[in-house]
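Number 204 in numbering that gives the first Met the number 0 belongs to position 205 of the sequence shown; there are no gaps in the numbering.
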Amino acid sequence: MIDESTSEPAFRDAERPAIVPGAEEPMRLLAAADRSLINAGIRLAMNASDVVVKLANKEQCFSELQRLGVRIPRTVALADAIDFRTVPLPCVIKPAIESGGSAFAFFARDEQEARLYAEYLNKNGKRPIAQEYITHEFGEFTVGVLSDPSANVLGTVAMKRAFPAKLSILAKGDDFLISSGISQGHIGDYKSVCDAARAISAAVGSKGPLNIQGRVDRDGCFLPFEINPRFSASTYLRALAGFNEIDHFIRLLVGESGLAPLKVEPGWYLRGLTEVIVPEEHLVS
C-alpha cells in the first residue's frame, strides 16, 4: 500500500500482511482459524474471534443483547415446534446466519405469511428468526463503531439512510419498507444514535470494526436489527467522509503511532449506476 502524500510505503512491516474479510462467511472462517493465522504472522483486520462467535448467529446475538439490557426489536427463533402465537406481528423473517445485506429477508403481516416464509427458509437450510417490524418513519441508520484491540472506541460514524431510489430498497409496500444492502444517505452528527451504538459496542466487548443497523422507534430510541462485527459495505462512503476505518485500523495493527483521530465530514453520500459501453470488437470469444 502506498501513501500518496509521500510516495513512500505506508507500512514498514511488509512481511506481515493483513487480511480484511469483506463478508460474513469468510469472517467466520477466519475467526475459527485466527490462532493459526496469527502464528503464521498474518494479521486479521477484523473483530476478536470471541466477538465474532457471539454475534455471527443472529438468534444468539439478539438473545445476548437482551440479556445485556440492550433495547432490541422483539426477536423470536422459529424452530420447528414454535408456537406462532408468540411471533411479533408484523415482523421481518430472516436467516439467523448470513443475513447481511437483507439477504432472504421477508415482511410478514400475519401468522399465515410468517409460517410461509419460515417454512421456506427452513426447507432451504436457513434457520429463521422473526423480528418485530419497526417503521422507518423516524429514521433508519447504519452506524460504524471502530474500537482498538483493547476495546477502546476510536470513532463512531452514523448515516441516516435515504430511500430515493430502488437501489437502496429490497422490498416495499404501502405499510412497510425493507432496505437493501446498498446504503446511501446523510452522514452527520447524530449524537443519540452514536451514543446508543457505542453503548452496544461496549456491552458486547467489541475489539475492532462493528457495523450496526437499526431504526428509531416512536419513543426516539435506537433499536438495532442487524449487527455485524466486521467492516461493512458502507466502508467506502465512510472513507469518502473522512472516516477511513480500514486504513486507520491496519495502521494501528502494524504499530504506527501518532495516528490522527478519525473525523467525519457531514454531507450527503449517494450511490449510483454507471453505464458502460463495450464495442463488439473488444469482446473475447
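Yeah, the Cβ is synthetic: ideal placement off N, Cα and C, and Gly gets one too.
For A202, the uninterrupted alpha helix (DSSP H) run begins and ends at K190 to V203, by DSSP.
When the five nearest sequence neighbours on each side are left out, the beta carbons in the same chain lying within less than 8 Å of the beta carbon of V69 are those of A198, I199, A202 and P223, in order along the chain. Ranked by Cα distance from M158, the first of A238, E118, R217 and D216 is A238. Residue burial is scored here from C-beta neighbours: L77 has at least 16 other C-beta atoms within 10 angstroms and is therefore classed as buried. Following the DSSP letters along the chain, one finds Q183 in no alpha helix (DSSP H), marked with neither H nor E.
A Cβ-Cβ separation of about 5 Å places V142 in contact with I211 under the 8 Å criterion.
Judged by DSSP in its simplified three-state form, Y132 adopts coil rather than helix or strand.
If you ignore the 5 residues before and after G213, its C-beta comes within less than 7 Å of the C-beta of F140, F221, L222, P223 and F224, all in its own chain and listed in chain order. Distance from the CA of Y189 to the CA of D246, rounded to the nearest whole angstrom, comes to 24 Å.
With fewer than 16 other beta carbons inside 10 angstroms of its own, A259 counts as exposed.
Comparing alpha carbon positions, the residue from A31, F103 and P25 closest to Y119 is F103. Take the alpha-carbon of G21 and the one of A195: they are about 25 Å apart. In chain order, F137, G138 and F221 place their CB closer than 6 Å to the CB of V215, counting only its own chain and leaving out the 5 sequence neighbours on each side. The C-beta of V283 has fewer than 16 other C-beta atoms within 10 Å across all chains shown, which makes the residue exposed. In this structure, the alpha-carbon of H185 lies about 7 Å from that of R160.
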